[in-house]
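Numbering (the working numbering), first residue to last: 258 to 330.
C-beta: ideal position from N, C-alpha, C; glycine also.
Just so we're clear, the structure is a prediction, and the values are computed from it rather than from any experiment.
Since the structure comes first, as structure tokens, the remarks are kept for the end.
Okay, here's the thing in structure tokens:
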């Protein structure tokens, strides 16, 4: 089983195995205690978790792009 978690330093989505105690964020190098992170989802496979992370990134990018368009008007 796999978890989709959020880095509590930079806010990026990460993949972690449910058996992991800690995880290092590849973006900001923070050492995360998996039990203390915000859990977004639990999946059976790494591929499902990876697909979910991609979808979440797309959703956040759309929100950001829409917000930036509003600012430039």
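Stretch-stretch touch, CB-based, cutoff 8 Å, three pairs: the region 264-279 with the region 309-321: yes
Assigned secondary structure, residue 293 (DSSP; H/G/I helix, E/B strand, else coil): If you number the chain shown from 1, residue 293 lands on position 36. If DSSP states are grouped into helix, strand and coil, residue 293 belongs with the helices.
Proximal residues to residue 296 (C-beta, below 6 Å), its chain only, five neighbours per side dropped: For the purposes of this step, residue 296 is taken as the residue at position 39 of the chain shown. Cβ neighbours of residue 296 beyond the five flanking positions: 260, 262.
Distance, residue 273 Cα to residue 301 Cα: By 1-based counting over the chain shown, the position of residue 301 is 44. By 1-based counting over the chain shown, the position of residue 273 is 16. Each residue's Cα considered, the two are about 12 Å apart.
Per DSSP, the bridge partner or partners of residue 298: Taking the chain shown and counting its residues from 1, the one referred to as residue 298 is at position 41. 261.
Buried versus exposed, by CB contacts within 10 Å (16 or more), residue 306: Here the question's residue 306 lines up with position 49 in the chain shown. Counting Cβ neighbours within 10 Å, residue 306 comes out buried, since at least 16 surround it.
Residue nearest to residue 298 in terms of C-alpha spacing, selected from 289, 308, 290: The residue given as residue 298 occupies position 41 in the chain shown. Residue 298 has its Cα closest to that of 308, out of 289, 308, 290.
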